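Those letters in the sequence shown? Residues 1 to 220, by UniProt numbering. Everything below concerns the one structure shown next.
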Amino acid sequence: MKKKQIDDDAVLVVGLGRFGTAIASTLDGLGREVLAIERDPVLVQQWSHRFRIIEGDATSADALEQAGAREFGVAVVGIGSSLEASVLATANLADLGMKQIWAKATSRSHGRILRRIGAHHVVYPEYDAGARVAHMVSGKMLDYIEMEDGFSIIKMRPPRDIQGFTMAESKVRERFGVTIIGVKAPGQPFEYATEETKIGPEDVIIVSGDSALLEEFANR
């Protein structure tokens, strides 16, 4: 029997709660091949017009086999309402040799379990969203993305003491330990920052660096 080819760009989404639905809809909009598997027939009917979806129970290895899970290079487990279902679905995908498994976790202990049974990436949507909003509420940040190892990227208005100066003149990296990646002036497209870029008071700047240093820079 000929072995089926794996499509590294194709994504299998398991579970169509808010998280899984957002993943599947966005990937579909980006032109990626997506197949969702969901055991709730109401959700299957609701989303069947948007992307490919089949009714099935991913806690069953046989159901995943029948769905053709082995043909997908990436799987996203979006189950959050049932710890048992999340763990079983992730374990089944790991047993199938899935190259990349992304799994949603609702707690740190849940995340540790998912990693131990084979998830390559664990995400914490509620925690990440809460941390992002907290940073925005507590300071002058317009947006906040925490990467890893204490590195973050933020969107903010420029501090008063760098307004009207070029990047070379303000020496942001030397003075504050952070890097201005780009600048967006009102009504203008985003531009990558150069030594000649002048920062205006109404500009929006994108800044990267250590999270603690970014907090200090944003709250100047």
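For glycine and all other residues, C-beta sits at the position ideal for the given N, C-alpha and C. Predicted model only: the values in this text are computed from it and were never measured.
Roughly how many angstroms lie between the CA atoms of residue i and residue j, to the nearest whole one?
i           : j      : result
LEU30       : ASP57  : 26 Å
ASP8        : ALA94  : 16 Å
residue 280 : LEU142 : As displayed, the chain neither begins before 1 nor continues past 220, which places residue 280 out of reach and without an answer.
PRO125      : ALA134 : 14 Å
GLU84       : ARG52  : 25 Å
PHE165      : VAL137 : 28 Å
ARG108      : GLU216 : 28 Å
ARG32       : ARG112 : 29 Å
ALA75       : ARG50  : 19 Å
THR21       : VAL207 : 31 Å
PRO189      : VAL172 : 22 Å
HIS110      : SER86  : 9 Å
residue 229 : ASP161 : Given a span of 1 to 220 for the chain in the structure shown, any question on residue 229 remains unanswerable.
ALA218      : LYS198 : 18 Å
LEU114      : GLN46  : 29 Å
VAL14       : GLU146 : 26 Å
PHE19       : ILE205 : 29 Å
SER25       : LEU12  : 12 Å
ARG220      : PRO159 : 6 Å
Go ahead and label residue i buried or exposed: buried means 16 or more other beta carbons lie within 10 angstroms of its beta carbon, across all protein chains shown.
i      : result
ALA105 : buried
VAL183 : buried
MET1   : Annotation note: pLDDT 40 at MET1 (below 50); position unreliable, no value reported.
LYS3   : Since pLDDT at LYS3 reaches only 49, below the 50 mark, its modelled position is unreliable, and the value read off the structure follows with that caveat. Exposed is the call here.
ILE6   : exposed
ASP203 : buried
GLU191 : exposed
GLU174 : exposed
Can you name the start and end residues of the beta strand (DSSP E) that residue i belongs to?
i      : result
ARG52  : 52 to 55
THR179 : 179 to 184
ALA103 : 100 to 104
GLU146 : 141 to 146
GLY73  : 72 to 77
Quick check: residue i and residue j, are their CB atoms within less than 8 Å of each other?
i           : j      : result
GLY78       : LYS99  : no
LYS140      : ARG116 : no
ALA103      : VAL122 : yes
residue 253 : ILE101 : Here the chain has residues from 1 to 220 only, and residue 253 is not among them.
ALA69       : LEU96  : yes
SER81       : GLY17  : yes
VAL34       : LEU27  : yes
GLU71       : ALA10  : yes
ALA168      : ILE180 : no
ILE37       : ALA61  : no
Name the two residues that bound the continuous alpha helix (DSSP H) containing residue i.
i      : result
PHE217 : 211 to 218
ALA36  : Run containing ALA36: none in the alpha helix (DSSP H); it sits in the beta strand (DSSP E), 34 to 38.
MET167 : 167 to 170
ALA24  : 18 to 29
ALA89  : 83 to 95
SER109 : 108 to 116
key: Sufficient close CB pairs (3 or more, under 8 Å) joining the region 143 to 156 to the region 204 to 219   = The region 143 to 156 is in contact with the region 204 to 219.
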